[in-house]
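Residue numbers for the sequence shown follow the working numbering, so the first one is 551 and each next one is one higher. In this text, a Cβ means the ideal position worked out from N, Cα and C, and glycines have one as well. Step one of this worksheet: look at the structure below.
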Amino acid sequence: MDWKTFEALLSGVNKYSTAFGRIWLAVVFVFRVMVFVVAAERVWSEDQKDFDCNTRQPGCANACYDHFFPVSHTRIWALQLIFVTCPTFMVVMHVAYREERERKYRITHGENARLYDNTGQKHGGLWWTYLLSLFFKTAIEVAFLYLLHLIYNNFDLPRRVICDLWPCPNQVDCYIGRPTEKRVFTYFMVGASAVCIVLNVCEIFYLIAIRLLRISHRGSLHTSPNIRCSELDCDGCQALAETAEYQECNEANLAMEKKSTSIF
551 MDWKTFEALL SGVNKYSTAF GRIWLAVVFV FRVMVFVVAA ERVWSEDQKD
601 FDCNTRQPGC ANACYDHFFP VSHTRIWALQ LIFVTCPTFM VVMHVAYREE
651 RERKYRITHG ENARLYDNTG QKHGGLWWTY LLSLFFKTAI EVAFLYLLHL
701 IYNNFDLPRR VICDLWPCPN QVDCYIGRPT EKRVFTYFMV GASAVCIVLN
751 VCEIFYLIAI RLLRISHRGS LHTSPNIRCS ELDCDGCQAL AETAEYQECN
801 EANLAMEKKS TSIF
């Protein structure tokens with residue numbers, strides 16, 4: 551797998567992320583991808599060769615290894631890293647869709663016309679896409695942690711396992727290579743995954759809290775006295791238009807009208 555390409559794609563998402571999202575990206579790169587590529591893959595590189603049983607019965611060691619290690623840790627972590635970063639590209643695709651709409655809007659309405667203040671700003675449909683990507687990432691992290699827990703019994707790697715599967719002649723003792731080192735890396739990767747889950751949950755609550763604050767602020771602007779210029783004389787209309795409150799309300803109304811046309 552080309553990890554440099556993978557890193558370049560994810561780095562492009564960084565400019566659309568919140569502070570929690572940037573920390574999540576740093577944890578994924580430094581504590582998961584780098585550790586996986588530099589160290590973890592080497593520890594499990596000759597896993598089956600290091601699995602030794604006290605019998606020479608043909609096929610016994612292979613059958614026991616397949617029973618106790620149906621899926622390698624490194625394969626699970628590689629799939630986890632791929633799947634957990636896929637939802638992030640939903641945001642990139644949505645921003646690309648917005649940029650294309652912005653381009654077509656400028657062709658129709660002139661070069662200076664703008665459909666979005668910022669195509670990467672998390673408003674409207676992009677906010678929902680970003681939030682949905684966080685839910686997907688959290689669900690994928692939890693699913694892979696549960697899968698690893700289910701296969702390897704509380705993430706533990708014993709030094710010795712007892713196997714009585716066919717074609718073994720009787721109960722045989724099998725020994726795992728580098729059990730302590732593998733256990734340390736397993737706990738480290740599980741801990742990094744748990745940190746990513748916490749960061750995703752914090753970012754979900756952060757986005758929802760910011761959204762509620764904006765809605766509350768918008769509601770307070772709309773509850774202010776709404777006076778139409780047509781109901782006043784010219785002097786009264788001019789005096790009202792010069793007030794800061796009127797200008798703020800007017801800007802908010804214009805922004806609302808613009809967002810209604812660019813909800814996606």
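According to DSSP, which residues form a beta bridge with Val711? Cys724
Apart from the five residues just before and just after Asp602, which ones in its own chain have a Cβ nearer than 6 angstroms to its Cβ? Tyr725
How would you write the range of the alpha helix (DSSP H) that Val645 sits in, first residue to last? 638 to 659 is the extent of the alpha helix (DSSP H) around Val645.
Flag this pair as yes or no: are the beta carbons of Val722 and Asn604 separated by less than 8 angstroms? yes
Identity of the residue in Asn720, Val748, Val641, Arg648 nearest Glu691 by Cα: Val748
Quick one: using the 10 Å Cβ neighbour count with 16 as the cut-off for buried, is Phe570 buried or exposed? Answer is buried; the Cβ neighbour count reaches 16.
Can you tell me where the alpha helix (DSSP H) with Ala689 in it begins and where it stops? 675 to 702
Spell out the partners DSSP gives Cys543 in its beta bridges. Any answer about residue 543 is impossible in this case: the structure gives the chain only from 551 up to 814.
Buried or exposed by the 16-neighbour rule on C-beta atoms within 10 Å, applied to His617: exposed
State the beta-bridge partners of Cys603 as determined by DSSP. Bridge partners of Cys603: Cys724.
How many Å lie between Cys614 and Gln607 at the Cα? Taking the straight line joining both Cα atoms gives about 12 angstroms.
In whole angstroms, what is the alpha-carbon distance linking Met584 and Ser766? 43 angstroms
Is Cys752 helix, strand or coil when you go by DSSP? Note: Cys752 maps to helix in three-state DSSP.
Using alpha carbons as the reference points, say which of Asp706, Thr730, Val642, Ser743 lies closest to Phe579. Ser743
Nearest-angstrom Cα distance between Thr568 and Lys654? Straight-line Cα distance between these residues: approximately 28 angstroms.
What is the DSSP secondary structure of Gly609, reduced to helix, strand or coil? coil
Burial state of Leu700 (16 or more Cβ within 10 Å): exposed
Apply the 10 Å Cβ neighbour rule to Asn704 and answer buried if 16 or more other Cβ atoms are within range, or exposed otherwise. exposed
Quick one: Cα of Tyr566 to Cα of Asp600, how far? 45 angstroms
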